[in-house]
Amino acid sequence: NLNHTYYQLDVNIGSSTVAKGVVNLVLGCLNNLVIEMAFLIQGNTEKELPEVLIGTCKLNHLDSTKAFVVK
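Here the sequence shown is numbered in the numbering used here, starting from 5 and rising by one per residue.
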């Protein structure tokens, strides 16, 4: 339902046992975490620098039990 506000998280952990463990640990603690993120346009050459932030957000104590699949 597109009328709901939602967060999407895609994590490509492949076959890494360590990465899977870290993701499971974080997902189990989401309601205790405050996550601050910044989104930027990456500069790959000297000409593209300085990099530019296009936005930031702060996620406070997410309730993962309310997550649902968006189709």
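Note that beta-carbon positions come from the ideal geometry of N, C-alpha and C, so glycine has one too.
Beta-bridge annotation (DSSP): F72 is not paired with any residue. No Cβ-Cβ contact shorter than 8 angstroms links L34 with L44. Rounded to the nearest whole angstrom, the CA to CA distance from N36 to V30 is 10 angstroms. Here E40 is bridged, per DSSP, to K62. In this structure, E40 places its C-beta atom within 8 angstroms of the C-beta atom of K62.
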